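In terms of our numbering, the sequence shown opens at residue 276 and continues consecutively.
Only one structure is covered here, and it is reproduced in the block below.
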Amino acid sequence: MKNFHHTERGVFCFIYLQCLQYFFTRLSLVALLFLVAPLVAADADSNNTEPGLLGTELKLSDSVMSDIAPGEDQDARVHRVKPGETLWDIAELYFDNPDDWPFLQQINTIENPGMLQPGTLVDIDIQDAFPLSVLYLNGDAWRVVDGRREPLEQGIIVDEGDVVETGRGASLTLEMSDGARAVIPSNSLVMVSRDGERGIRLILEQGEVESQVPSRQNSQRPYTIQTTSGVLGVRGTRFAVSHGDEAMVSSVYEGKVAARSQQAARRAQLNAGQGTRISDQGDIEVVGLLMPPELLDARSLAVGDLVVSVESVPQASRYRAQLARDATALDVIAEQRSTSPEFTFPSLPFEDYYLRVAAVDELGIVGEYSQDLIQHFSNGVSVERLDDAWRFDWQRQENTPSRLELSFDPSFDRPLVSYPPVTTGEILLRNVPEGDVFWRVVSLDDEDNVTHVIDSGALDATD
């Protein structure tokens with residue numbers, strides 16, 4: 276009986292040892308596979324052979340890493356679009372499911388998921404807003420540190436806790452790391468602060484901020500504008516905020532904004548096409564935005580001035596106009612306010628501009644903007660003395676006739692000669708009278724009335 280127990284114990288020990296040997300053998304094989312697989316995959320690539328399943332997975336991993344933009348934080352998950360790629364391809368690459376493409380479309384505000392520009396960066400998840408950088412700067416702007424002004428330049432980093440200030444006639448555009456942009460016009464003072472783990476809070480101490488915030492599916496990414504009167508929180512929109520001595524006013528052009536007063540803790544939800552005024556006492560008033568004014572005329576003068584007139588808008592107390600180099604109005608080069616629907620932008624370089632004009636109501640809320648592409652070109656008249664004539668030539672504006680006039684009197688009360696209106700071609704003057712002769716080129720309306728002087732000067736016929 277004793278020998279039987281010894282024999283039974285020995286059998287169990289033998290089986291136990293066999294199981295351990297089997298386990299460690301399998302474990303070693305798995306480890307060996309993981310060590311050898313990259314070499315096998317590399318060898319398969321070098322010989323142009325079909326890689327196996329394990330090799331394909333390793334190849335995919337390498338491809339994903341190569342799609343991270345150089346110099347970008349890999350934790351930020353930024354994909355650089357390759358030629359021919361769609362959002363379906365990118366969703367399948369990162370999420371193993373092409374049906375997840377709406378998430379990428381929403382957080383990147385992409386209109387056509389099937390047509391992506393090669394080289395474009397696509398956010399794969401919600402990024403931190405910091406740091407910010409100066410995207411555009413026209414005029415003077417500073418970062419205020421311990422009461423000292425440090426001049427800002429394009430590309431300079433603006434980080435948490437910094438205070439930025441814009442000078443008279445200036446425009447500053449800050450870009451956040453997640454793609455949101457803030458346009459800060461002249462005479463504004465803004466503190467950049469963090470809101471939550473990855474959000475941003477702009478504390479508007481003075482002036483204005485116009486924000487363009489991409490849509491975000493993740494509500495944990497707040498974007499907030501704060502003043503002493505109220506707080507505005509957004510989740511993907513385009514809106515403008517102005518802070519004065521007694522109130523905060525805001526206009527919502529896209530998306531939605533949640534408004535809250537600081538004093539009475541009142542709240543309001545604003546949709547696109549609405550504006551609000553929040554008083555220092557906590558009162559919130561929500562109104563519809565005024566209609567965009569229609570452009571009537573935009574003409575270029577010889578000295579470089581651009582004269583603009585728009586149609587009057589009912590209930591408008593004043594008007595606001597901006598000139599930008601881009602259609603999104605991020606690179607604003609000039610801005611004017613007027614109580615009449617007419618503006619003059621002096622001494623502009625001759626190039627194309629995007630003109631935005633809005634009516635402002637009695638509460639100070641800026642209405643909807645109209646936008647037009649303006650071709651601002653030199654209307655200067657070229658005058659040249661030839662052997663037997665004077666040659667006049669100038670660039671004509673489309674569908675706008677102009678006329679050359681001569682006079683002995685610079686007031687042109689009684690013109691000596693008024694040539695017929697012309698729209699193209701040069702004019703040659705022969706047999707010019709002796710003495711000082713004044714000339715001018717004028718623009719005409721549909722009834723041949725003079726609207727403005729394009730250019731003027733004097734000829735010395737005895738020269």
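Don't be surprised by glycine CBs; every beta carbon is placed ideally from N, CA and C.
Fair warning: this is a prediction, and the values are worked out from it, not measured in the lab.
Go through its chain and collect everything with a Cβ distance to residue i's Cβ below 6 Å, but skip five positions before and after it.
i, result
"residue 728", "715, 717"
"residue 668", "657, 701"
"residue 546", "531"
"residue 523", "502, 504, 505, 553"
"residue 274", "Past the edges of the chain, shown from 276 to 738, lies residue 274, and the structure says nothing about it."
"residue 513", "487, 528, 529"
"residue 730", "577, 655, 656, 716"
"residue 560", "552"
If I'm right that residue i touches residue j with Cβ under 8 Å, what's the distance once you round it to whole angstroms?
i, j, result
"residue 477", "residue 457", "6 Å"
"residue 459", "residue 504", "Not a contact, Cβ separation roughly 18 Å."
"residue 641", "residue 595", "6 Å"
"residue 435", "residue 416", "Not really, about 18 Å apart at Cβ, beyond 8 Å."
"residue 483", "residue 536", "The pair is not a contact, with the Cβ atoms about 19 Å apart (cut-off 8 Å)."
Leaving aside the five residues before and after residue i along the sequence, list all residues of the same chain whose C-beta is less than 7 Å from its C-beta, in chain order.
i, result
"residue 726", "718, 719, 720"
"residue 593", "612, 613, 614, 635"
"residue 544", "531, 533"
"residue 664", "703, 704, 705"
"residue 380", "362, 388"
Please say whether residue j and residue i have beta carbons closer to each other than 8 Å?
i, j, result
"residue 744", "residue 464", "There is simply no residue 744 to check, as the chain begins at 276 and stops at 738 in what is shown."
"residue 418", "residue 428", "no"
"residue 408", "residue 433", "yes"
"residue 649", "residue 630", "yes"
"residue 617", "residue 584", "yes"
"residue 353", "residue 396", "yes"
"residue 713", "residue 685", "yes"
"residue 466", "residue 404", "no"
"residue 555", "residue 521", "yes"
"residue 638", "residue 562", "yes"
"residue 632", "residue 568", "yes"
"residue 526", "residue 540", "no"
"residue 599", "residue 628", "yes"
"residue 442", "residue 414", "yes"
"residue 692", "residue 734", "no"
"residue 474", "residue 489", "no"
"residue 356", "residue 394", "yes"
"residue 358", "residue 366", "no"
"residue 565", "residue 548", "no"
"residue 398", "residue 453", "yes"
In terms of DSSP beta bridges, what is residue i paired with?
i, result
"residue 713", "682, 733"
"residue 546", "531"
"residue 665", "660, 704"
"residue 630", "598, 647"
"residue 767", "Summary: the structure shown does not reach residue 767, with the chain confined to residues 276 through 738, and so no result is reported for it."
"residue 457", "449, 486"
"residue 639", "According to DSSP, residue 639 bridges with nothing at all."
"residue 536", "505"
"residue 481", "464"
"residue 558", "In the DSSP output, where bridge partners are listed per residue, residue 558 has none listed."
"residue 475", "469, 498"
"residue 369", "Per DSSP, none; premise fails for residue 369."
"residue 740", "The question about residue 740 has no answer, for the chain in this structure spans 276 to 738."
Please return the same chain residues whose Cβ sits closer than 8 Å to the Cβ of residue i, not counting the five positions on each side in sequence.
i, result
"residue 779", "No answer is possible for residue 779: it lies beyond the span of the chain, which begins at 276 and ends at 738."
"residue 694", "678, 679, 680, 702"
"residue 625", "575, 579, 651, 652, 653"
"residue 412", "427, 428, 429, 445, 446, 447, 448"
"residue 345", "Here the model assigns residue 345 a pLDDT of 41, short of 50, so the residue's position is not dependable, and the following value carries that caveat. Cβ neighbours of residue 345 beyond the five flanking positions: none."
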